[in-house]
Amino acid sequence: MSELRGSVAVVTGAGRGLGRAIAEELASGGARVVVNYSRSRGPAEELVEKLKSEGMEAVAIQADVSEAGQAARLISESLEAFGGIDILVNNAGINIDKTMKKLSVEEWDRVVQVDLNSCYYTVKAALPHFIEKSSGKIINISSFVGQMGNFGQANYAAAKAGIIGFTKTAALELARYNITVNAVCPGFIETDMFAGVPENVVKEKILPRIPLGRVGKPEEVARAVRYLIVDGDYITGQTLNINGGIYM
Ligand code: NAP
49 MSELRGSVAV VTGAGRGLGR AIAEELASGG ARVVVNYSRS RGPAEELVEK
99 LKSEGMEAVA IQADVSEAGQ AARLISESLE AFGGIDILVN NAGINIDKTM
149 KKLSVEEWDR VVQVDLNSCY YTVKAALPHF IEKSSGKIIN ISSFVGQMGN
199 FGQANYAAAK AGIIGFTKTA ALELARYNIT VNAVCPGFIE TDMFAGVPEN
249 VVKEKILPRI PLGRVGKPEE VARAVRYLIV DGDYITGQTL NINGGIYM
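Oh and the sequence shown: position 238 is 286 in the numbering used here, straight run, nothing missing.
Written out as structure tokens, the structure reads:
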């Protein structure tokens, strides 16, 4: 896809954080954007108004993508809104961090459901459309934690590692339809998800592990997503690390 203008992008969890930056990046390139949210209605609607006031096309659609029926509705309502979908970015994610000793089965299940199963649900629902038009770009947001593990994040690491395996398999199965599927693995990025980490932990335990010596910005991940979509016609099944060097 040499340019975004006129294309339609669905970004899950786009009311805030990384998803919001990705939606803004794609919209600024000319894509019409579906801003999916689960609970953040105000921020999602505010983003849509902002984009529209800048001459871009966007719509907010509520759906909890951890529920298969709602994920399918997100795709069908997106198709109704814009008449097609060209790009699907699976960004929605949560974390419930505890050592396995303290982690409950429900907390394990919830994170896997939101972070991993949702990716399958949206892809499954969008597939008939992508196959029919023989094109599509799917980006799944994983994490460096899925590549290297992290103390207190067994559920999150398993879900994010699962995304990488899912991405490679989907890439294999869908290449024949000219659909590319790639994963992006951010390192520590300044969003609400990271804001919960105490300042002394950031200073003493996190920054010293990052060769570039700082936490990343949502826009830096968003630009990588745009790269895969706009310049990535011959890239599929890959994992692009945007992590300041914390995992090599
Ligand atoms: P965040 O600021 O906490 O935002 C999470 C986003 O996910 C919100 O927009 C939220 O929407 C959405 N979401 C959560 N559950 C959802 C559901 N069931 N259905 C639909 N949307 C849902 O986190 P973030 O840092 O932007 O994270 C975005 C993605 O990047 C996640 O997949 C995360 O694992 C990954 N990531 C983040 C970092 C980091 O350091 N920040 C590093 C590596 C990977 P609502 O508010 O509407 O519920």
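Note that CB positions come from ideal geometry on N, CA and C, so glycine has one too.
Cut-off 6 Å between Cβ atoms - residues of its own chain near Asn188, not counting five sequence neighbours on either side: Numbered from 1 along the sequence shown, position 140 holds the residue referred to as residue 188. Closer than 6 Å at the Cβ level, and outside the excluded window around Asn188, lie Asn138, Cys167, Ile211, Thr215 and Ala231.
Sub-8 Å separation of Gly65 and Ser86 beta-carbons: Within the sequence shown, the letter at position 17 stands for residue 65. Within the sequence shown, the letter at position 38 stands for residue 86. Using a Cβ distance threshold of 8 Å, Gly65 and Ser86 do not count as a contacting pair.
Which of helix, strand or coil DSSP assigns to Leu23: Outside the shown range of the chain, which is 49 to 296, sits residue 23, and nothing can be said about it.
Whole alpha helix (DSSP H) elements within the region 63-94, 4-residue minimum: Within the region 63-94, the complete alpha helix (DSSP H) runs of at least 4 residues are 65-76.
Heavy atom of the ligand NAP within 7 Å of Asp279 beta-carbon: Numbered from its first residue, the sequence shown carries residue 279 at position 231. Incorrect: Asp279 has no Cβ contact closer than 7 Å to the ligand NAP.
Which of helix, strand or coil DSSP assigns to Asn31: No information on residue 31 is available, as it lies outside the stretch 49 to 296 that the chain covers here.
Terminal residues of the beta strand (DSSP E) in which Pro234 lies: On the sequence shown, residue 234 is found 186 positions in, with the first residue counted as 1. Looking at the DSSP string, the run of the beta strand (DSSP E) that includes Pro234 is Ile227 to Pro234.
Straight-line gap, Ala92 to Ser76 (C-alpha atoms, nearest Å): The residue given as residue 92 occupies position 44 in the sequence shown. The residue given as residue 76 occupies position 28 in the sequence shown. Spanning the two alpha carbons is a distance of roughly 16 Å.
Proximity test, Asn139 beta-carbon vs the ligand NAP heavy atom, cut-off 7 Å: Residue 139 sits at position 91 when you count from the first residue of the sequence shown. Yes; taking the cut-off as 7 Å, the Cβ of Asn139 has a heavy atom of the ligand NAP nearer than that.
Distance cut-off 7 Å: Met241 Cβ against heavy atoms of the ligand NAP: Sequence index remark: in the sequence shown, residue 241 carries index 193 (1-based). Under cutoff, so the answer is yes.
Beta-carbon proximity check, Val58 vs Gly132, cutoff 8 Å: Sequence index remark: in the sequence shown, residue 58 carries index 10 (1-based). Sequence index remark: in the sequence shown, residue 132 carries index 84 (1-based). Result no, Cβ atoms of Val58 and Gly132 do not sit closer than 8 Å.
Distance, Ala202 Cα to Arg80 Cα: Against the sequence shown, residue 80 aligns to sequence position 32. Against the sequence shown, residue 202 aligns to sequence position 154. Computed Cα separation, rounded: 36 Å.
Anticipated Cβ contact below 8 Å, Ala106 with Leu136, distance rounded: Within the sequence shown, the letter at position 58 stands for residue 106. Within the sequence shown, the letter at position 88 stands for residue 136. Contact between Ala106 and Leu136 is absent: CB atoms are separated by about 16 Å, not below the 8 Å threshold.
Exposure label - Ser47; buried when at least 16 CB within 10 Å: Only positions 49 to 296 of the chain appear in this structure, which leaves residue 47 out of reach.
Contact set for Gly141: own chain, Cβ-Cβ below 7 Å, skip 5 residues either direction: The residue labelled residue 141 in the question sits at position 93 within the sequence shown. The beta carbon of Gly141 sits closer than 7 Å to those of Gly61, Val162, Asp163 and Ile189, all from its chain and outside the five residues before and after it, given in chain order.
Residue environment, Asp157, which counts as buried when at least 16 other CB atoms sit within 10 Å: Counting from one through the sequence shown, the residue named residue 157 turns up at place 109. Within a 10 Å sphere around the beta-carbon of Asp157 sit fewer than 16 other beta-carbons, which makes this residue exposed.
For Gly184, the residue or residues it bridges with in DSSP: Reading the sequence shown from its first residue, position 136 is the one you call residue 184. Ile227, per the DSSP bridge assignment.
Uninterrupted beta strand (DSSP E) stretches inside the region 234-291 (no shorter than 3 residues): Those beta strand (DSSP E) runs which fall completely within the region 234-291 and span 3+ residues are 287-290.
Cut-off 7 Å between Cβ atoms - residues of its own chain near Arg274, not counting five sequence neighbours on either side: Residue 274 sits at position 226 when you count from the first residue of the sequence shown. Glu73, Leu74 and Gly77, listed in sequence order.
Check: Tyr169 C-beta below 7 Å from any heavy atom of the ligand NAP: Numbered from its first residue, the sequence shown carries residue 169 at position 121. The ligand NAP has no heavy atom closer than 7 Å to the beta-carbon of Tyr169.
Sub-8 Å separation of Gly285 and Leu260 beta-carbons: Along the sequence shown, one-based indexing puts residue 285 at 237. Along the sequence shown, one-based indexing puts residue 260 at 212. At a Cβ-Cβ threshold of 8 Å, Gly285 and Leu260 do not count as neighbours.
Backbone CA spacing between Asn248 and Gly184 [nearest angstrom]: Sequence index remark: in the sequence shown, residue 248 carries index 200 (1-based). Sequence index remark: in the sequence shown, residue 184 carries index 136 (1-based). In this structure, the CA atom of Asn248 is about 43 Å from the CA atom of Gly184.
Ile211 (DSSP reduced to helix, strand or coil): In the sequence shown, the residue the question calls residue 211 occupies position 163. The answer is helix: DSSP assigns Ile211 an H, G or I state.
Same chain, Cβ closer than 8 Å to Leu220, five either side skipped, listed in chain order: The residue labelled residue 220 in the question sits at position 172 within the sequence shown. Excluding its 5 nearest sequence neighbours in each direction, Leu220 has C-beta neighbours in its own chain below 8 Å: Gly285, listed in chain order.
Beta-carbon spacing of Ile109, Phe178 below 8 Å: Within the sequence shown, residue 109 is the residue found at index 61, counting from 1. Within the sequence shown, residue 178 is the residue found at index 130, counting from 1. Cβ atoms of Ile109 and Phe178: not closer than 8 Å.
For Lys100, three-class secondary structure by DSSP: Taking the first residue of the sequence shown as 1, we reach residue 100 at position 52. DSSP places Lys100 in helix when its eight states are reduced to three.
Contact belief for Glu238 with Lys265 at Cβ below 8 Å, rounded distance in angstroms: Along the sequence shown, read from residue 1 onward, the residue named residue 238 stands at position 190. Along the sequence shown, read from residue 1 onward, the residue named residue 265 stands at position 217. Right, their Cβ atoms sit about 6 Å apart.
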